[in-house]
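Comments concern the structure below.
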Amino acid sequence: MDNQTWSDRLANLTFSTQAVINGQLMDAISGKTFPCINPSNGSLIAHIAQCDEADVNLAAQVARATFDSGVWSQLQPAERKATLLKFARLIEENQDKLALLESLDAGKPISDTLGYDAPATARCIAWNAEAIDKLYDEVAPTTADALALVTREPLGVVAAIVPWNFPAVMASWKLGPALATGNSVILKPSEKSPLSAIFLAELALAAGLPAGVFQVLPGFGYEAGQALALHNDVDGLTFTGSTAVGKKLLTFAGESNLKRTFMECGGKSPHIICADTDKLQKAVDTALSAICYNQGEVCTAGSRLLVERSIYSEVIEKLKQGAANWQPADPLMTDTRMGAIIDEAQMERILSYIDIGKQQEATLLCGGQQVLQATGGYYIEPTIFVDVTPEMRIAREEIFGPVLSVIVFDTLEQAIDIANDTEYGLAAGIWTSDISKAIKGSRALRAGTVFVNNWDGGDMTMPFGGYKQSGNGRDKSLHALEKYTELKSTWIELG
Ligand code: NAD
1 MDNQTWSDRL ANLTFSTQAV INGQLMDAIS GKTFPCINPS NGSLIAHIAQ CDEADVNLAA
61 QVARATFDSG VWSQLQPAER KATLLKFARL IEENQDKLAL LESLDAGKPI SDTLGYDAPA
121 TARCIAWNAE AIDKLYDEVA PTTADALALV TREPLGVVAA IVPWNFPAVM ASWKLGPALA
181 TGNSVILKPS EKSPLSAIFL AELALAAGLP AGVFQVLPGF GYEAGQALAL HNDVDGLTFT
241 GSTAVGKKLL TFAGESNLKR TFMECGGKSP HIICADTDKL QKAVDTALSA ICYNQGEVCT
301 AGSRLLVERS IYSEVIEKLK QGAANWQPAD PLMTDTRMGA IIDEAQMERI LSYIDIGKQQ
361 EATLLCGGQQ VLQATGGYYI EPTIFVDVTP EMRIAREEIF GPVLSVIVFD TLEQAIDIAN
421 DTEYGLAAGI WTSDISKAIK GSRALRAGTV FVNNWDGGDM TMPFGGYKQS GNGRDKSLHA
481 LEKYTELKST WIELG
């Protein structure tokens with residue numbers, strides 16, 4: 001596919017902009033819309049239905065009625081599996097369109113959305129579908145005059161609130177297990193990236209998912225999101241986004257019906273390179289992709305690079321050389337590795353952190369500027385600060401952009417102390433050729449995922465989520481299915 005072809009396709013791209021409620025595309029009840037902006041050039045893509053509390057009330061009522069009817073919740077798992085597999089197939093068949101929507105809406109490189117986002121979305125739905133008719137419940141070991149069953153039942157109505165950095169993939173991490181276990185799901189995409197969620201709902205309906213099982217409410221967090229989180233007829237709330245919003249949602253759950261809450265939040269992940277690694281070049285290349293991939297807008301971005309003193313100068317030199325390969329460019333060019341920042345506000349936030357780094361006297365090794373201004377889009381160079389100390393704000397706060405803080409250490413113990421000295425605990429990584437160090441280090445790192453001699457390894461079989469303020473609950477793997485179910489104990493006395 002050459003570059004021209006993707007631009008041509010964009011010119012001919014059609015997509016829906018309305019909410020999906022009870023199987024129908026609908027305007028918001030208020031009639032309001034909000035603008036959806038293309039981050040690559042600042043232009044208006046479309047006006048999107050701006051759902052609020054009234055739409056949430058309607059969708060929740062529909063979801064409850066659909067759930068209670070049993071049309072999905074009571075289906076035999078094998079039947080749900082068949083429909084979800086069809087849904088996954090339709091995503092696969094439409095993956096070019098899904099990839100293009102993601103690039104258009106979120107500024108992500110088309111090579112990434114084609115290579116990861118679109119196929120990963122389909123794979124997640126299919127994986128959960130495949131799992132659901134292979135899970136058994138339990139019989140407790142009781143006395144002979146009783147039969148005690150431990151069974152799982154769907155929660156009921158699940159609200160999923162997701163961010164903009166991987167709009168379709170994050171949605172699929174919620175949809176896959178929640179739908180497979182029989183829930184009715186209301187998805188609220190980020191107001192910054194609503195297009196793929198609406199498209200997914202259309203594909204689900206085409207696959208035969210009954211109306212009302214999967215609804216989409218585009219809108220703002222403080223309107224649609226908050227109304228979902230406070231709704232007394234929403235039984236489960238599954239979220240991916242910032243820690244600040246995650247904390248608010250826990251409060252909303254407490255103020256309303258104590259709905260089950262699963263928060264996947266932010267990170268400031270440490271990436272350690274020990275001097276004994278025999279893969280130094282690979283470690284440095286990986287350190288760069290860990291902060292530049294998806295413009296650094298990744299919850300598991302390796303944003304703190306901890307380097308052992310004896311290789312510090314060499315690593316810095318290699319980082320500087322390698323950063324040149326990550327210059328941002330038009331997301332629709334197939335050779336673009338880093339695309340546009342999601343919007344102007346996020347770009348300004350990243351630039352303000354770059355200023356903070358300079359003010360706190362970290363050394364700017366490279367980058368630090370907005371580039372490609374003439375496009376009207378939001379692009380930032382890969383930016384590397386060296387001589388960063390652990391107490392600096394750029395070493396502590398999630399920036400969510402291509403800004404790397406490099407910190408020197410002398411011993412592994414010191415590196416682990418620095419790595420763990422954070423409110424977050426999503427991911428961590430260690431490069432070493434010493435197996436004992438690798439194992440001891442990975443045990444000591446307080447993070448939901450530890451990468452040894454890689455970064456971002458994993459697939460659907462592995463749980464994903466955080467320690468500490470990076471969240472609770474886990475997405476992916478069979479463990480994710482558990483959170484969309486209630487556990488029921490049934491004690492049957494035998495006559
Ligand atoms: P965000 O918290 O600003 O928004 C996430 C979602 O919450 C959006 O849909 C938004 O509309 C909604 N929201 C905002 N305020 C709300 C409110 N008051 N009530 C209800 N809903 C509300 O996050 P973002 O900027 O979209 O995404 C970036 C964040 O997501 C980063 O912190 C990143 O680390 C995190 N993230 C975490 C993971 C993970 O799996 N742990 C994955 C991807 C992103």
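Under the UniProt record's numbering, the residue at position 340 of the sequence shown is numbered 340, and the numbers go up by one with no gaps.
Glycine included, C-beta positions come from ideal geometry on N, C-alpha and C.
Bear in mind that the values here come from a model prediction, so they are computed numbers and not experimental data.
For residue i, the first and last residue of its enclosing beta strand (DSSP E)
{"i": "SER405", "result": "403-409"}
{"i": "ARG260", "result": "260-264"}
{"i": "MET26", "result": "24-26"}
{"i": "GLN18", "result": "From DSSP, GLN18 is part of no beta strand (DSSP E); its letter is neither H nor E."}
{"i": "VAL388", "result": "Here VAL388 belongs to no beta strand (DSSP E), and DSSP marks it neither H nor E."}
{"i": "ALA160", "result": "157-161"}
Continuous alpha helix (DSSP H) stretch holding residue i: start and end
{"i": "CYS124", "result": "118-132"}
{"i": "LEU195", "result": "195-206"}
{"i": "ILE394", "result": "393-396"}
{"i": "VAL245", "result": "243-255"}
{"i": "LEU412", "result": "412-420"}
Beta carbon of residue i nearer than 8 Å to that of residue j
{"i": "LEU305", "j": "VAL452", "result": "no"}
{"i": "VAL450", "j": "GLY429", "result": "yes"}
{"i": "LEU445", "j": "ILE291", "result": "no"}
{"i": "GLN370", "j": "MET347", "result": "yes"}
{"i": "THR181", "j": "PRO154", "result": "yes"}
{"i": "THR238", "j": "PHE262", "result": "yes"}
{"i": "SER111", "j": "THR336", "result": "yes"}
{"i": "ALA447", "j": "PRO382", "result": "no"}
{"i": "MET419", "j": "ILE272", "result": "Reading the sequence as shown, one finds Ala at residue 419 and not Met. Yes, the Cβ-Cβ distance between ALA419 and ILE272 is below 8 Å."}
{"i": "GLY266", "j": "TYR424", "result": "yes"}
{"i": "PRO35", "j": "ALA106", "result": "no"}
{"i": "ILE29", "j": "ALA46", "result": "no"}
{"i": "THR142", "j": "LYS488", "result": "no"}
{"i": "SER16", "j": "PHE252", "result": "no"}
Spatial neighbours of residue i in its chain, beta-carbon cut-off 8 Å, leaving aside the 5 residues before and after
{"i": "GLY344", "result": "It is Glu, not Gly, that sits at residue 344 in the sequence shown. Cβ neighbours of GLU344 beyond the five flanking positions: GLY42 and TYR378."}
{"i": "MET462", "result": "THR449, LYS476 and SER477"}
{"i": "LEU250", "result": "THR261 and MET263"}
Collapsed DSSP secondary structure at residue i in the structure displayed
{"i": "VAL234", "result": "coil"}
{"i": "ARG446", "result": "coil"}
{"i": "GLY429", "result": "strand"}
{"i": "PRO270", "result": "strand"}
{"i": "ALA148", "result": "strand"}
{"i": "THR485", "result": "strand"}
{"i": "LEU179", "result": "helix"}
{"i": "ILE380", "result": "strand"}
{"i": "TRP491", "result": "strand"}
{"i": "ALA8", "result": "Reading the sequence as shown, one finds Asp at residue 8 and not Ala. Looking at ASP8 - three-state DSSP - the assignment turns out to be helix."}
{"i": "GLY466", "result": "coil"}
{"i": "GLU191", "result": "coil"}
{"i": "ILE435", "result": "helix"}
{"i": "LEU365", "result": "strand"}
{"i": "SER184", "result": "strand"}
{"i": "ILE110", "result": "helix"}
{"i": "ALA211", "result": "coil"}
{"i": "ALA168", "result": "helix"}
{"i": "GLU223", "result": "helix"}
{"i": "GLY473", "result": "coil"}
Residues of its chain near residue i, where Cβ-Cβ distance is below 6 Å and the 5 sequence neighbours each way are ignored
{"i": "SER190", "result": "PRO163 and TRP164"}
{"i": "ALA178", "result": "VAL158, VAL185 and TYR484"}
{"i": "ASN22", "result": "VAL62, ALA211 and GLY212"}
{"i": "ALA283", "result": "ILE273, THR277 and TRP431"}
{"i": "ASP434", "result": "ASP276"}
{"i": "GLY156", "result": "PHE67 and ASP235"}
Proximal residues to residue i (C-beta, below 7 Å), its chain only, five neighbours per side dropped
{"i": "ASN257", "result": "ASN232"}
Any chance you could list the alpha helix (DSSP H) runs of at least 4 consecutive residues sitting entirely within the region 34-104, in chain order?
If only complete runs of 4 or more residues are kept, the region 34-104 shows the alpha helix (DSSP H) at 53-69 and 77-93, in order along the chain.
Residue ranges of each beta strand (DSSP E) run of no fewer than 3 residues wholly in the region 284-362, ordered along the chain?
Runs of the beta strand (DSSP E) inside the region 284-362: 304-308.
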